[in-house]
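Engineer: In the order they appear, the protein sequences are chains A and B.
Residue numbers for the first sequence follow the working numbering, so the first one is 1 and each next one is one higher.
Residue numbers for the second sequence follow the working numbering, so the first one is 1001 and each next one is one higher.
Every residue gets a Cβ at the ideal spot worked out from N, C-alpha and C, and that includes glycine.
As the structure is a computational prediction, the values presented were derived from the model and not from experiment.
Would you mind keeping the following structure in view while I ask a few things?
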Amino acid sequence: MSGTAGEGVVDRTALKVNQAGIVATLLVAFLLSALTPVAIWLVPLLAVVMLLGSWQPRLGLFRQIYFAVLKPAGMLRPAPRRESPKPHAFAQLLGGVMLVLASLVFAASVTLIGWVLAWIVIVLAFANLAFDF
Amino acid sequence: MAEPLVGVAIRVGVIGVVLAGVLLGRAVLHRWQAARRERVLQSEALPGMSNGEASVLLFTGTLCSDCMLQKDILYGLKASAGPFHLREVMAARDVALAGRFGVQSVPATVVLNREGKPVGVNYGLVSGDIIASQLEGAKGG
């Protein structure tokens, strides 16, 4: 989740884009799963994206979209803030682990529990995105 | 044929219910904060908090980025809003003082007047303008 622009500096806009990407991906997966079971594959894919991003922020997909597309195009303005990126990386790691668990539960065909786990990630990411909670 | 559409409708309903729950939770949290703030503002001056000038208590914690930002804002105010006493309090270490001012999360700031009576209570990161206006009231009182 980290949007590190340097040691001890985090771009808050990158964090927001990441949170929005997580929420949007999971909601799309949730809605489309009513039409096709293939949509559930978005959950393990997102888990991989989140775990990679927590390990190496530059590997974060949504962060890359922000820094490579949205920011250069002037669609979003950077909001650098002096802070440690570690808590954000840890939160992303926890979210990724939660989605790995959800994926395992989906694989065991216990769909309801899988979505409960995914929804925990949705709610926490949304609360952070909308309310800076 | 209609079964998938029913599934989509149910999922849209779930999204709506969860969103409503999150917003309701947020509203409850705001009310609770307002009640705590009101209780603190109506309390008497705390012995030992009076030092003859307006004071700001900054409640902080470790790994709290907003606390660092709040601290920067307060030090900036020291230059622009005139003299005031700034005291930094680690909320987790001074639990009694944090509880006295209804602090449940960091950063939190409490503005005290010359007599040590709270005249401004802020839970969460606040702008320098808000603190400056509370300091005006503190110095006036």
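#1: Under DSSP, the alpha helix (DSSP H) around B:V1017 begins and ends at which residues?
#2: Contact defined as beta carbons within less than 8 Å: I believe A:R63 pairs with A:V10. What is the distance between those atoms, to the nearest angstrom?
#3: Does the beta carbon of A:P80 come closer than 8 Å to any beta carbon on chain B?
#4: Helix, strand or coil for A:T36 per DSSP?
#5: Contact criterion: CB-CB distance below 8 Å. Does A:A34 meet it with respect to chain B?
#6: Is the Cβ of A:W119 closer than 8 Å to any Cβ of chain B?
#7: With the cut-off set at 8 Å, would you say A:A34 and B:R1011 are in Cβ contact?
#8: So, B:R1087 versus B:S1055, is the Cβ gap smaller than 8 Å?
#9: So if I threshold CB-CB distances at 8 Å, which residues from the stretch 9 to 29 of chain A count as touching chain B?
#10: Which value, in whole angstroms, describes the spacing of the CA atoms of B:G1102 and A:T25?
#11: Under three-state DSSP, which class holds B:S1133?
#12: If you measure between the beta carbons of B:G1116 and B:L1063, is that distance less than 8 Å?
#13: Listing by chain order, which chain A residues have their CB less than 8 Å from the CB of B:S1055?
#14: Does the separation of the CB atoms of B:G1052 and B:R1100 fall below 8 Å?
Structural biologist: Taking the coordinates as given:
#1: Annotation: the continuous alpha helix (DSSP H) that includes B:V1017 extends over E1003 to L1041.
#2: So it is not a contact: roughly 11 Å between Cβ atoms.
#3: Residue-level contact by beta carbon fails for A:P80 and chain B, as no gap is shorter than 8 Å.
#4: Residue state, collapsed to three classes: coil.
#5: True, the Cβ-Cβ gap to chain B drops below 8 Å.
#6: Yes, A:W119 lies at the interface with chain B (some Cβ there is under 8 Å from its Cβ).
#7: A contact, by the Cβ cut-off of 8 Å.
#8: Going by C-beta atoms, B:R1087 is nearer than 8 Å to B:S1055.
#9: Flagged, chain order: V10 and L27.
#10: Our two residues, B:G1102 and A:T25, have alpha carbons roughly 38 Å apart in a direct line.
#11: Taken through DSSP and simplified to helix, strand or coil, B:S1133 comes out as helix.
#12: Their beta carbons are not under 8 Å apart, which means B:G1116 does not touch B:L1063 by this criterion.
#13: Those do not exist, as B:S1055 stays about 25 Å from chain A at its closest Cβ, beyond 8 Å.
#14: No; because the gap between Cβ atoms is not below 8 Å, this pair is not in contact.
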